[in-house]
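>
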Amino acid sequence: MVNDEDIGSENGEPTVLETDSEGDEVDEQPLKSSKAVAEAKNINATRDEVVAENLASRDDGEAGSDDDEDEIESARAQLREDEDEDEEDDSESEEEFEDSDRDKPFFRRVIERANGRDGTRMGHLRGHITGEIVLSITDRKEGYYFTWKDELLSVEPWSQKAPAEGSCVIELSEEHLEDILRGKLNPQVAMLSHKVHVAGEPSQAVYFFNLFQSSRRS
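Take 0 as the starting number for the sequence shown in numbering that gives the first Met the number 0 and just add one per residue.
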């Protein structure tokens, strides 16, 4: 059963999507992470910061060396291993949803339940998710617009044409979105392998999927 307090946090702290099995420390070499580690004052440095920094450097047009590409590939392999180790049964508990919601696609049920969530209960995750996020489900020509209204998360559906404004735009197929929401696909791996396309502020996309972490326990 998904509770309000479960969305995107545990005990008021942001939920880490994937960590090393031996603890919260990030591998020293998988990605260029020195800046992210140094600046992570409020929460432990995780792969979230590492991936966000790497995506940002790509957007800034930095040319990657052969060593950088090797590091990225190493990170992909490690994240896939983590995903295989942590993958749980993807069977959905229909008891979580009202009878009126059961005919909706899985992604709609999960995402729409986030509407109205209290940002003050999300711990430091609230500080990482700012601005406006546009989620576009490419093969359905629909999606959602996420923003904050008086510290409450507003989730508004759209169809046919995505909102023009948005500090971060996330595009992916329904299949990949559902796999992420069910915990079958690591969103960080999906970004690095171009299954998820991000425009604008990449760090927003990295933390965005933490909002739905509790749905992966279903």
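Here a beta-carbon is modelled for each residue, glycine too, at the ideal position from N, C-alpha and C.
Does the distance from the CB of Ile136 to the CB of Leu191 come in under 8 Å?
As a working note, residue 136 is residue 137 in the sequence shown. As a working note, residue 191 is residue 192 in the sequence shown. In this structure, Leu191 does not lie closer than 8 Å to Ile136 by Cβ.
> With a Cβ-Cβ cutoff of 8 Å, do Arg116 and Leu171 count as a contact?
By 1-based counting over the sequence shown, the position of residue 116 is 117. By 1-based counting over the sequence shown, the position of residue 171 is 172. Taking 8 Å as the Cβ cut-off, Arg116 and Leu171 do not qualify as a contacting pair.
> Suppose the cutoff is 6 Å on Cβ atoms and the five residues either side in sequence are ignored; what does the same chain contact list for Lys194 look like?
Locating residue 194 in the sequence shown gives position 195, where the first residue counts as 1. If we look at Lys194 and ignore the five residues flanking it on each side, its Cβ neighbours are His175.
> For Gln159, which residues in the same chain have their Cβ closer than 7 Å to its Cβ, ignoring the five residues on either side in sequence?
Here residue 159 corresponds to residue number 160 of the sequence shown, with the count starting at 1. Within the same chain, Gln159 has close Cβ partners Lys140.
> Could you check the C-alpha separation between Met121 and Tyr206 for me, to the nearest Å?
Here residue 121 refers to the residue found at position 122 when the sequence shown is read from its first residue. Here residue 206 refers to the residue found at position 207 when the sequence shown is read from its first residue. Taking the straight line joining both Cα atoms gives about 12 Å.
> To the nearest angstrom, how far is it from the Cα of Lys148 to the Cα of Gly130?
Locating residue 148 in the sequence shown gives position 149, where the first residue counts as 1. Locating residue 130 in the sequence shown gives position 131, where the first residue counts as 1. About 11 Å.
> Under 8 Å by Cβ, that's how I've got Leu180 and Phe211 pegged, so tell me the actual separation to the nearest angstrom.
The residue you call residue 180 lines up with position 181 of the sequence shown. The residue you call residue 211 lines up with position 212 of the sequence shown. At roughly 6 Å, the Cβ-Cβ gap stays under 8 Å, so Leu180 and Phe211 are in contact.
> Is any heavy atom of the ligand COA found at a distance shorter than 7 Å from the C-beta of Val197?
The model depicted lacks the ligand COA and carries no ligand whatsoever.
> Tell me the rounded alpha-carbon separation between Gly118 and Trp157.
Numbered from its first residue, the sequence shown carries residue 118 at position 119. Numbered from its first residue, the sequence shown carries residue 157 at position 158. When rounded, the distance between both Cα atoms is 22 Å.
> To the nearest whole angstrom, what separates the beta carbons of Ser166 and Gly142, a pair I think is in contact under 8 Å?
The sequence position of residue 166 within the sequence shown is 167, counting from 1. The sequence position of residue 142 within the sequence shown is 143, counting from 1. Not confirmed; about 15 Å, so no contact.
> Is it buried or exposed for Ala204, if we count other Cβ within 10 angstroms and need 16 for buried?
Counted from its first residue, the sequence shown places residue 204 at position 205. It is buried - the Cβ of Ala204 has at least 16 other Cβ atoms within 10 Å.
> Excluding the 5 residues preceding and the 5 following Leu54 in the sequence, name in chain order all residues of the same chain whose CB lies nearer than 7 Å to its CB.
Within the sequence shown, numbered from 1, the residue matching residue 54 stands at position 55. Only Met190, Val197, Pro201 meet the Cβ criterion.
> In the DSSP output, what is Gly142 paired with across the bridge?
Here residue 142 refers to the residue found at position 143 of the sequence shown. Paired residue(s): Ser135, Trp157.
> What residue range is occupied by the uninterrupted alpha helix (DSSP H) comprising Val195?
Counting from 1 along the sequence shown, the entry for residue 195 is found at position 196. Premise fails: Val195 is in no alpha helix (DSSP H) and is neither H nor E.
> To the nearest angstrom, report how far apart Asp178 and Arg107 are at their CA atoms.
One-based indexing of the sequence shown puts residue 178 at position 179. One-based indexing of the sequence shown puts residue 107 at position 108. Distance between the alpha carbons of Asp178 and Arg107 is about 13 Å.
> By how many angstroms is the C-alpha of Glu173 removed from the C-alpha of Asp138?
Here residue 138 corresponds to residue number 139 of the sequence shown, with the count starting at 1. Here residue 173 corresponds to residue number 174 of the sequence shown, with the count starting at 1. Roughly 7 Å separates the two Cα atoms.
> Gly182: buried (16+ other C-beta within 10 angstroms of its C-beta) or exposed?
Mapped onto the sequence shown, residue 182 falls at position 183. Counting Cβ neighbours within 10 Å, Gly182 comes out buried, since at least 16 surround it.
> What are the boundary residues of the alpha helix (DSSP H) that includes Ile179?
For this step, residue 179 is matched to residue 180 along the sequence shown. Residues 173-180.
> In the DSSP assignment, the alpha helix (DSSP H) including Gly126 goes from what residue to what residue?
Walking along the sequence shown from the start, residue 126 turns up at place 127. Unbroken alpha helix (DSSP H) run through Gly126: 124-127.
> Indicate the three-state DSSP secondary structure (helix, strand or coil) for Glu170 in the structure shown.
Stepping through the sequence shown from its first residue, residue 170 is reached at position 171. Strand at Glu170.
> Ala113 and Val168 look like a contact to me (Cβ under 8 Å); what is the Cβ gap, rounded to whole Å?
Within the sequence shown, numbered from 1, the residue matching residue 113 stands at position 114. Within the sequence shown, numbered from 1, the residue matching residue 168 stands at position 169. At roughly 18 Å, the Cβ-Cβ gap does not stay under 8 Å, so Ala113 and Val168 are not in contact.
> Provide the residue span of the alpha helix (DSSP H) that contains Arg112, from first to last.
In the sequence shown, counting from the first residue as 1, residue 112 sits at position 113. Neither: Arg112 is in no alpha helix (DSSP H) and is coded neither H nor E.
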